[in-house]
Amino acid sequence: MSFRKDSGIVGLQPIDFVPNAPRHAVDGKQEEIPVVIAASEDRLGGTIAAINSIQHNTRSNVIFYIVTLNGTADHLRSWLGSNTLKSIRYKIVNFDTKLLEGKVKEDPDQGQSIKPLTFARFYLPILVPSAKKAIYMDDDVIVQGDILALYNTPLKPGHAAAFSEDCDSASTKVVIRGAGNQYNYIGYLDYKKERIRKLSMKASTCSFNPGVFVANLTEWKRQNITNQLEKWMKLNVKEGLYSRTLAGSITTPPLLIVFYQQHSTIDPMWNVRHLGSSAGKRYSPQFVKAAKLLHWNGHFKPWGRTASYTDIWEKWYIPDPTGKFSLIRRHMEISNIK
């Protein structure tokens with residue numbers, strides 16, 4: 002069976018489709034659960050571990066929409082051919098970076114190049130054209146609960162997405178020193194700019210984390226959310242609307258604007274985050290075990306030199322059959338032994 006290329010869409014092209022892979026036995030016909038996740042070459046092990054953890058912990062009919070760049074597709078396909086992953090159903094979708102022309106610019110002060118795949122979440126209705134609802138998640142997560150529970154998150158009428166709010170999150174009960182305004186709109190948007198002030202958004206409004214969310218794609222399309230996000234991306238290129246106080250996020254600010262007081266919430270245990278904020282352990286073993294989803298947002302990734310709770314992440318990691326991707330700390334351990 003071949004997968005039809007979507008007509009009329011520039012830059013997003015399905016390049017692989019596994020429609021009939023065997024999956025867990027199910028009773029009767031199940032609703033398909035689309036899960037969108039990006040796959041960057043330098044973080045591919047994260048994507049694989051996340052997919053493995055989701056598939057292992059559910060009996061639902063999950064199909065993964067794996068968004069990547071052309072040069073990574075063959076590598077990804079080889080890895081997905083591993084025995085452990087043969088039961089998953091997936092589509093590999095190529096993300097054309099031309100979609101971002103005029104919408105993002107390099108910031109020399111950040112010292113890092115733009116990562117195009119971080120914007121895949123803005124284009125969900127194009128990535129999953131036939132679905133009414135979908136889950137998006139970052140590649141630095143491990144799922145310990147049944148993804149069906151997250152998929153069944155109730156969204157209020159008129160809401161196109163449900164996020165985990167930073168102020169109410171179980172993750173924020175452990176305060177990050179020096180975080181400042183990390184959990185408020187003023188931490189992400191430049192309130193000195195007239196265009197931001199004209200929106201009349203309270204600067205103290207609690208922000209939300211866009212690394213894991215559930216989207217009502219029917220509502221998303223009705224409200225032209227993608228077009229709204231692109232509008233703010235373009236305006237930021239011209240006027241510099243995002244705050245420079247937080248390292249990093251260029252995907253969060255437009256989402257905060259577009260979804261201001263117009264989003265539902267997911268159970269905070271479905272985005273237990275900041276595991277990558279430091280190399281130390283910030284949560285009790287009992288809390289980590291109870292979490293439905295663990296999120297290593299921050300600089301200390303579980304495949305990097307040093308990170309917290311790496312034993313949990315490695316439980317789901319599958320070694321790269323091509324040998325291109327390897328855990329940095331494992332290399333260090335071997336070097337130390339020598």
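To convert a position in the sequence shown, counted from 1, into this note's numbering, add 1. Glycine residues also receive a C-beta, built at the ideal position from the N, C-alpha and C atoms.
Checklist entry - Leaving out five residues before and five after C168 in sequence, what residues of the same chain have Cβ atoms less than 7 Å from its Cβ? => result Its chain contains Y184 and C207 as the residues whose beta carbon lies nearer than 7 Å to that of C168, once the 5 sequence neighbours on both sides are disregarded; these appear in chain order.
Item to check | Buried or exposed by the 16-neighbour rule on C-beta atoms within 10 Å, applied to P211 | outcome: Buried, by the Cβ-count rule.
Item to check | Buried or exposed by the 16-neighbour rule on C-beta atoms within 10 Å, applied to A204 | outcome: That one is exposed.
Item to check | C-alpha distance - D321 paired with K239, whole-angstrom precision | outcome: Taking the straight line from one Cα to the other gives about 42 Å.
Next on the checklist: Between A163 and F120, how many whole angstroms is the CB-CB distance? I'm expecting something under 8 Å.
Outcome noted: Going by Cβ atoms, the distance from A163 to F120 rounds to 20 Å, so no, they are not a contact pair.
Next on the checklist: Which residue marks the beginning of the beta strand (DSSP E) containing E33, and which one marks its end?
Outcome noted: E33 -> beta strand (DSSP E) spans E33 to A40.
Checklist entry - When you compare each of W297, W271, A135 and G188 to S222 by their alpha carbons, which one comes out closest? => result One point to set straight first is that residue 222 is Lys, not Ser, in the sequence displayed. The shortest C-alpha separation from K222 is found at A135.
Checklist entry - Do W233 and I258 have their CB atoms nearer than 8 Å? => result Yes, these two residues count as a Cβ contact at 8 Å.
Item to check | Counted within 10 angstroms of its Cβ, other Cβ atoms place K157 as buried (16 or more) or exposed | outcome: When all chains shown are included, K157 counts as exposed.
Item to check | Collapsed DSSP secondary structure at A280 in the structure displayed | outcome: The three-state secondary structure of A280, taken from DSSP, is coil.
Item to check | Extent of the continuous beta strand (DSSP E) to which M138 belongs | outcome: Where M138 is concerned, the enclosing beta strand (DSSP E) stretches over K134 to M138.
Checklist entry - Assuming G1 and K302 make a contact with CB atoms under 8 Å, what is their CB distance in whole Å? => result Past the boundaries of the shown model lies residue 1; the chain is included only from 2 to 339, so the question cannot be answered.
Item to check | Residue burial classification, P286 (beta-carbon count within 10 angstroms, cutoff 16) | outcome: Exposure of P286 is indicated by the presence of fewer than 16 other C-beta atoms within 10 angstroms of its C-beta.
Item to check | Whole-angstrom distance between Y152 and P254, CA atom to CA atom | outcome: For P254 and Y152, the distance between alpha carbons rounds to 25 Å.
Checklist entry - Taking the runs of the beta strand (DSSP E) that are 3 residues or longer, which of them lie wholly in the segment 215-296? => result The qualifying runs are 294-296.
Checklist entry - Can the beta-carbon of T59 be found closer than 8 Å to that of F123? => result For T59 and F123, no; Cβs fall outside 8 Å.
Checklist entry - How about the segment 59-68 and the segment 86-96: do they share at least three Cβ pairs that are nearer than 8 Å? => result With the cut-off at 8 Å, the segment 59-68 and the segment 86-96 touch.
Next on the checklist: Let's test the definition: count the other Cβ atoms within 10 Å of the Cβ of P23 and tell me whether it reaches 16, buried, or not, exposed.
Outcome noted: Only weak support is given to the placement of P23: the predicted model assigns it a pLDDT of 44, under 50, and the question is left unresolved by the model.
Checklist entry - Between I329 and W304, what straight-line distance do the alpha-carbon atoms span, to the nearest angstrom? => result The C-alpha of W304 is placed about 7 Å away from the C-alpha of I329.
Next on the checklist: So, under 8 Å CB-CB, I319 and L86 are touching, yes? Tell me the CB distance rounded to an integer number of Å.
Outcome noted: Taking a contact as a CB-CB distance under 8 Å, the pair I319 and L86 counts as one, their CB atoms being some 7 Å apart.
Next on the checklist: Using only the alpha-carbon positions, how far apart do P269 and T154 sit?
Outcome noted: Take the alpha-carbon of P269 and the one of T154: they are about 11 Å apart.
Item to check | Under the three-state DSSP convention, the category P117 falls into | outcome: When secondary structure is reduced to three states using DSSP, P117 falls in the helix class.
Checklist entry - DSSP puts A163 in a beta bridge; with which residues? => result Beta-bridge pairing links A163 to V215 and S265.
Checklist entry - Straight-line CA distance for F326 to F260? => result If you take the alpha carbons of F326 and F260, they lie about 37 Å apart.
Item to check | Spatial neighbours of S41 in its chain, beta-carbon cut-off 6 Å, leaving aside the 5 residues before and after | outcome: L118, listed in sequence order.
Checklist entry - Between L77 and the rest of its own chain, which residues show a CB-CB distance below 7 Å, the 5 nearest in sequence each way excluded? => result Answer for L77: A40, L45, I67, T69 and I93, listed in chain order.
Next on the checklist: Quick check on L149: does DSSP put it in helix, strand or coil?
Outcome noted: Residue state, collapsed to three classes: helix.
Checklist entry - Apart from the five residues on each side of it in sequence, which residues of its chain come closer than 8 Å, Cβ to Cβ, to E107? => result The beta carbon of E107 lies closer than 8 Å to those of S114 and I115 in the same chain, with the five residues before and after it left out.
Next on the checklist: Checking 8 Å against the spacing of the C-beta atoms, do H300 and D141 come in under that value?
Outcome noted: The Cβ atoms of H300 and D141 lie no closer than 8 Å to each other.
Next on the checklist: For V289 and E166, I'd like the C-alpha separation in whole angstroms.
Outcome noted: Their Cα atoms are separated by approximately 19 Å.
Checklist entry - Going by Cα to Cα distance, which pick from T323, K235, S54 and S278 is closest to A308? => result Sorting T323, K235, S54 and S278 by C-alpha distance to the C-alpha of A308 places S278 at the top.
Item to check | Spatial distance of V37 from N272 (CA atoms) | outcome: C-alpha of V37 to C-alpha of N272: approximately 16 Å in a straight line.
Next on the checklist: Short of 8 Å in beta carbon distance, which residues of its chain neighbour K133, apart from the five on each side in sequence? Order them along the chain.
Outcome noted: Only N217, L218 and T219 meet the Cβ criterion.
Item to check | Run of the alpha helix (DSSP H) containing I197, from where it starts to where it stops | outcome: Run containing I197: E195 to R198, per the alpha helix (DSSP H) assignment.
Next on the checklist: For V105, tell me which candidate among R274, E231 and M138 has the shortest Cα-Cα distance.
Outcome noted: Of the candidates R274, E231 and M138, the one whose C-alpha sits nearest the C-alpha of V105 is E231.
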